[in-house]
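J.:
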Amino acid sequence: SAEVSNRDGRDGGPIWMSYGGVVYDVTNFVPNHPGGTEKILTAAGSAIEPYWNVYRQHFSTDLPMKMMEEMIVGRLHDDDQ
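Converting from the sequence shown to my numbering requires adding 292 to each position, the first position being numbered 1.
1) Using DSSP's beta-bridge definition, name the partner residues of Ile307.
2) Taking C-beta to C-beta, are Ile332 and Val318 nearer than 8 Å?
3) Let me check understanding here. Comparing Cα to Cα, which of Tyr347, Pro306 and Val365 lies closest to Pro326?
4) Rounding to the nearest angstrom, what Cα-Cα distance links Tyr343 and Ala335 in this structure?
5) Just the C-alpha distance for Val365 and Glu330, rounded to the nearest angstrom, thanks.
6) With 16 as the cutoff for other CB atoms within 10 Å, does Gln352 come out buried or exposed?
7) Using C-beta distances below 6 Å, list every residue in its chain close to Met360, excluding the 5 sequence neighbours before and after it, in chain order.
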């Protein structure tokens, strides 16, 4: 959605991403991302599915989803999925 894409961290603003129709504010997690800040920022303001399909380690444990539960800020409208 436009609201998610506008929150890409540029100009020091918040960083949002979506996954499975759920929107997450990952701003505070970015510096702690195990793969590094640069990799997670490639998905800033967008859906993370394409990246997770490349970096399959996200599916080897439930830890990423458990961590993300605390970052939920909303859901995408059906038209935006």
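Even glycine gets a Cβ: it sits at the ideal position worked out from N, Cα and C.
T.: With the given structure in hand:
1) Here residue 307 corresponds to residue number 15 of the sequence shown, with the count starting at 1. Answer is Asp300.
2) On the sequence shown, position 40 is the one that residue 332 refers to. On the sequence shown, position 26 is the one that residue 318 refers to. Cβ distance < 8 Å, so Ile332 and Val318 count as in contact.
3) The sequence position of residue 326 within the sequence shown is 34, counting from 1. Taking only the C-alpha atoms, the option nearest Pro326 is Tyr347.
4) Working through the sequence shown from its first residue, we reach residue 343 at position 51. Working through the sequence shown from its first residue, we reach residue 335 at position 43. Looking at the two C-alpha atoms, the distance is approximately 7 Å.
5) In the sequence shown, counting from the first residue as 1, residue 365 sits at position 73. In the sequence shown, counting from the first residue as 1, residue 330 sits at position 38. Those two C-alpha atoms are separated by around 23 Å.
6) If you number the sequence shown from 1, residue 352 lands on position 60. Per the sequence shown, the amino acid found at residue 352 is Ser instead of Gln. Exposed, by the Cβ-count rule.
7) In the sequence shown, the residue the question calls residue 360 occupies position 68. Excluding residues within five positions, the ones whose Cβ falls inside 6 Å are Tyr316.
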